[in-house]
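Just so you know, we're using my numbering here: the sequence shown kicks off at 3 and counts up by one. Worksheet for the structure shown next.
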Amino acid sequence: MFELWRRALTFLLILFSLSLLLWAVAGALAAAITFGLLLFYRWVYHVRHLLALNYWLQDPEGRTLPDASGPWDEVFSRIYKMVREHRKERTKRAAALHDMEQATSALPEGVVSLDRAGHIEWCNPLAELHLGLDGVRDVGQHITYLARQPEFVQYLAANNFSDPLILRGPRQDDLILSCKLVGYSGNKKLLITRDITSFERVETMRRDFVANVSHELRTPLTVVNGFVETLHDMPNLENEMARRALNLMGEQTQRMEHLVGDLLTLSKLEDRLNVLQEEVLDVPELLPRCYEDGLALSGGQHQIKLEVLSDCKLLGCAEELRSAFSNLISNAIRYTPPGGEIVLTWQLLDNGQPLFSVKDAGIGIAPQHISRLTERFYRVDSSRSRASGGTGLGLAIVKHIANRHQARLGIVSVEGQGSTFSIEFPAKRRR
Ligand code: ADP
């Protein structure tokens, strides 16, 4: 900067000195003409450089920066330095972007970046394959314009992305995708798709196998149980040992029948072709029946109370809900020592959600077990569960039924003091 000022002032100094000298030697006219000529020469010099700069700026990538002299030399060399730095930086960024593109292409999952309105910004090759997108042609299109499945559109609109969405046959009929949306950079979203076709196939095989085995076991078990009962009831069975053996056989076949029954119930609940049969269920009318069943199971050993605090009805499957309520009541009775209090409640929460709860003063559950209770065959104490006739599948069934009704199974328990199991239904199921 200082150098530019120095040069400009030096030029003016020379100009004025020369003109004054000429004025003294050759007169005022000669001095004025020289002054004018020198100024004109300087004007031409600046205009020439400005034109050269302007010409270069029209296509800085394709043209080389022109040579310059005098003060313009410094200006041009600064511009040249800036351009060189800028090109270096751009090459570095292009390489980083290329690396990123290669990394996202190598991901074992499909990735689509969506802007805040849901328009596609870019996608990797696997996402193109999964959703039938074209990474160049479809940029700027709304994602639901290309992935049109109603469940996907609903998932996007619901704006609740905590659980992945399972999408069947988005492109080819046998393709099953797990789709998850994650927010990033303010309100943009990443749509991540994973091919779970083979996993789902194995899962279906497992489900079919369990359902088939349970189904096949049912008939022989009924026959064996029938014969055991007939033999047991024979009036002339005097052998004490045979009687004890028959008792034991009867107990075990009944246990197996319960187990097979619960496995079949679970298979039915898991079957995606088995849609929820909804009706308006009068819960205040159903609960006294569950209460009576509870009283019979307890055999008068517990103080069971029923508190119906709301007359609200519920939209749901009567058979499934009765099974869920009965499972929770039966658990409370089986895990509460004689004399303990059990309270069944039906109420409407302040936020409008219907809630069924069973509170017992039983043995309670230690905190480390609570998150695993709904797993199949998970028992805190296996021998206690078996002794009380448990199959280890009750809470898995309740959880499935709750999920099918978009309800939440809540478990609060203190070891040695008691537990509260509740099913909290969404307000939209209230009738
Ligand atoms: P089970 O047939 O063994 O009762 P569930 O799936 O119904 O199977 O329950 C799983 C486990 O959860 C039980 O084995 C028991 O340890 C525990 N559990 C369930 N309900 C209660 C309860 N009300 N109080 C204490 N423990 C319970």
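The beta-carbon is built from N, C-alpha and C at its ideal position, and this holds for glycine as well.
- Is there at least one non-hydrogen atom of the ligand ADP closer than 7 Å to the beta-carbon of R432? no
- Would you mind giving the Cβ-Cβ distance between Q355 and P428, rounded to the nearest angstrom? I have them listed as a contact below 8 Å. 7 Å
- Buried versus exposed call for I168 [16 or more other C-beta atoms within 10 Å across all chains shown]: exposed
- Check: D295 C-beta below 7 Å from any heavy atom of the ligand ADP: no
- Message: Let me check you understand the geometry: is the CB of R324 closer than 7 Å to at least one non-hydrogen atom of the ligand ADP?
- Response: no
- Item | Through-space distance from Y147 to V155, alpha-carbon basis | 9 Å
- Using only the heavy atoms of the ligand ADP, determine whether one of them is closer than 7 Å to the beta carbon of N333. yes
- Message: To test your reading of the DSSP string, which unbroken beta strand (DSSP E) runs of 3 or more residues are found completely within the stretch 166-225?
- Response: 167-170, 178-186 and 190-197
- Return the residue from the list S325, E321, A33 and Q408 that minimises the CA-CA distance to G296. S325
- Task: State the Cα-Cα distance for the pair L223 and S216, rounded to the nearest angstrom.
- Result: 10 Å
- Item | Close Cβ partners of A129 (< 7 Å) along its chain, the five nearest in sequence each way excluded | G112, V113, V114, L135 and T195
- Query: Out of F37, G263, L278 and P369, which has the shortest C-alpha to C-alpha gap to L214?
  - Reply: First, the residue type needs correcting, since residue 214 is Asn and not Leu in the sequence shown. Ranking the options by Cα distance to N214, first place goes to G263.
- Message: Let me make sure I understand the geometry here. Which of C125, V138, G412 and E343 has the alpha-carbon closest to that of F358?
- Response: G412
- Query: How about V230: is its Cβ closer than 7 Å to a heavy atom in the ligand ADP?
  - Reply: no
- Residue range of the alpha helix (DSSP H) that P290 falls in? V285 to S300
- Message: Going by C-alpha to C-alpha distance, which of S421, R257, S21 and L133 sits closest to L330?
- Response: S421
- Proximity below 8 Å, CB of F163 to CB of V184: yes
- Item | Cβ-based burial, F229 [other Cβ within 10 Å; buried from 16] | exposed
- Item | Separation of E63 from T93, as counted between CA atoms | 13 Å
- With respect to 7 Å, is the separation between the Cβ of I365 and the closest non-hydrogen atom of the ligand ADP below this value? yes
- Item | Sequence-distant residues of its chain with Cβ nearer than 7 Å to L261 (five each side left out) | T393
- Message: Quick check on this structure: which residue in T255, L116, R274 and Y293 has the alpha carbon closest to the alpha carbon of S187?
- Response: L116
- Query: With burial defined as no fewer than 16 other Cβ atoms inside 10 Å of the residue's Cβ, what is the status of E316: buried or exposed?
  - Reply: According to the sequence displayed, residue 316 carries Leu and not Glu. It counts as buried.
- Look at the Cβ atom of I425, then the Cβ atom of A398, and state whether they are nearer than 8 Å. no
- Among residues of its own chain, excluding the 5 on either side of C292, which ones have a beta-carbon nearer than 8 Å to its beta-carbon? R324, F327, S328, I331 and L346
- Item | Runs of alpha helix (DSSP H) lying entirely within the stretch 297-345, each at least 4 residues, in chain order | 320-336
- Query: How long is the line joining the alpha carbons of D284 and G302, rounded to whole angstroms?
  - Reply: 27 Å
- Using three-state DSSP, classify R245 as helix, strand or coil. helix
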